[in-house]
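Plus 177 on top of the position in the sequence shown (first one is 1) and you've got our numbering.
Ideal Cβ positions, reconstructed from N, Cα and C, are used throughout, including at glycine.
Keep in mind that this is a model prediction, so the values were computed, not measured.
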Amino acid sequence: MSVGDFTYEDVGATRDRPGHCPPGFHALHVRTRLGEGEQVFRRAAEAVLTWEMHRAMGVGITATADRATPGVDVTVTLAGMIKAPCRVVWTVEEHRRAGWAYGTLPGHPERGEEAFVVDRTGDGTVWLTVSAFSRAAKWYARAGGPATRGLQQAYARRCGTVLRGLCAEAGEQDHG
Numbered sequence: 178m179s180v181g182d183f184t185y186e187d188v189g190a191t192r193d194r195p196g197h198c199p200p201g202f203h204a205l206h207v208r209t210r211l212g213e214g215e216q217v218f219r220r221a222a223e224a225v226l227t228w229e230m231h232r233a234m235g236v237g238i239t240a241t242a243d244r245a246t247p248g249v250d251v252t253v254t255l256a257g258m259i260k261a262p263c264r265v266v267w268t269v270e271e272h273r274r275a276g277w278a279y280g281t282l283p284g285h286p287e288r289g290e291e292a293f294v295v296d297r298t299g300d301g302t303v304w305l306t307v308s309a310f311s312r313a314a315k316w317y318a319r320a321g322g323p324a325t326r327g328l329q330q331a332y333a334r335r336c337g338t339v340l341r342g343l344c345a346e347a348g349e350q351d352h353g
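Set out below in structure tokens:
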């Protein structure tokens, strides 16, 4: 995908170069164990790909499609007032891996890319990995400095906690 309206240059780097962090950006990598088995994987993948995980966190999501697909525009609203426009850069839906990443558009308080990927390892363990690279774009994000990065870490950890809860609910419904 070309840079187009994106506010950063390394569009697609969370897929093409995992772990890559451009100079001047801050890296984020948070991995959360969700559970085990195919059922947990399918439930987690669906919740990530359909914005359900984000909505369950209480984050406002307005998207031009019901499912993450490259080119879909997404506006994330935080605390009811901070609007963060993004566009889905890439998606993956494989037997043991599913997820997507979005890149920032003009008006977002940060510049960069964030990926949400569910994977099922060889032993059946299901993980959510949130990875990103970003830097402040708006004055208030710059003013927040390390606190802003702390909020991003907390957000990524909350993604895993909420998704683990959604997967546990699904498992309980299947056994109840």
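> Okay, do the segment 311-322 and the segment 217-234 touch, 3+ Cβ pairs below 8 Å being the bar?
Replying inline: no
>> Taking 8 Å as the cut-off, does the segment 231-249 touch the segment 191-207 (at least 3 CB pairs, one atom from each stretch)?
In response: no
> How many whole angstroms separate the CB atoms of VAL289 and PHE310, which I take to be in contact at a CB cut-off of 8 Å?
Replying inline: Position 112 of the sequence shown, counting from 1, holds the residue named residue 289. Position 133 of the sequence shown, counting from 1, holds the residue named residue 310. The question names Val, but residue 289 in the sequence shown is Gly. That belief holds up - the Cβ atoms of GLY289 and PHE310 are roughly 5 Å apart, short of 8 Å.
> Of the choices ARG273, LEU282 and VAL249, whose alpha-carbon is the least far from that of TRP267?
Replying inline: Counting from 1 along the sequence shown, the entry for residue 267 is found at position 90. With distances taken between Cα atoms, TRP267 lies closest to VAL249.
>> Using the three-state DSSP reduction, which class does PHE218 fall into: helix, strand or coil?
In response: Taking the sequence shown and counting its residues from 1, the one referred to as residue 218 is at position 41. Helix, per DSSP.
>> So VAL269 and GLY276 are supposed to be a Cβ contact under 8 Å. How far apart are they, rounded?
In response: The residue labelled residue 269 in the question sits at position 92 within the sequence shown. The residue labelled residue 276 in the question sits at position 99 within the sequence shown. Yes, they are in contact, since the Cβ atoms of VAL269 and GLY276 sit about 6 Å apart, within 8 Å.
> Per DSSP, what kind of secondary structure is VAL303 in: helix, strand or coil?
Replying inline: Counted from its first residue, the sequence shown places residue 303 at position 126. The answer is strand: DSSP assigns VAL303 an E or B state.
> When you compare only the Cα positions, how much space is there between MET178 and GLY342?
Replying inline: If you number the sequence shown from 1, residue 178 lands on position 1. If you number the sequence shown from 1, residue 342 lands on position 165. Reliability of the predicted coordinates at MET178 is poor, the pLDDT of 46 falling under 50, and no value is obtained from them.
>> For ARG273, report the span of its beta strand (DSSP E) as first-last.
In response: What you label residue 273 is simply residue 96 of the sequence shown in a count that begins at 1. Run containing ARG273: none; DSSP gives neither H nor E here.
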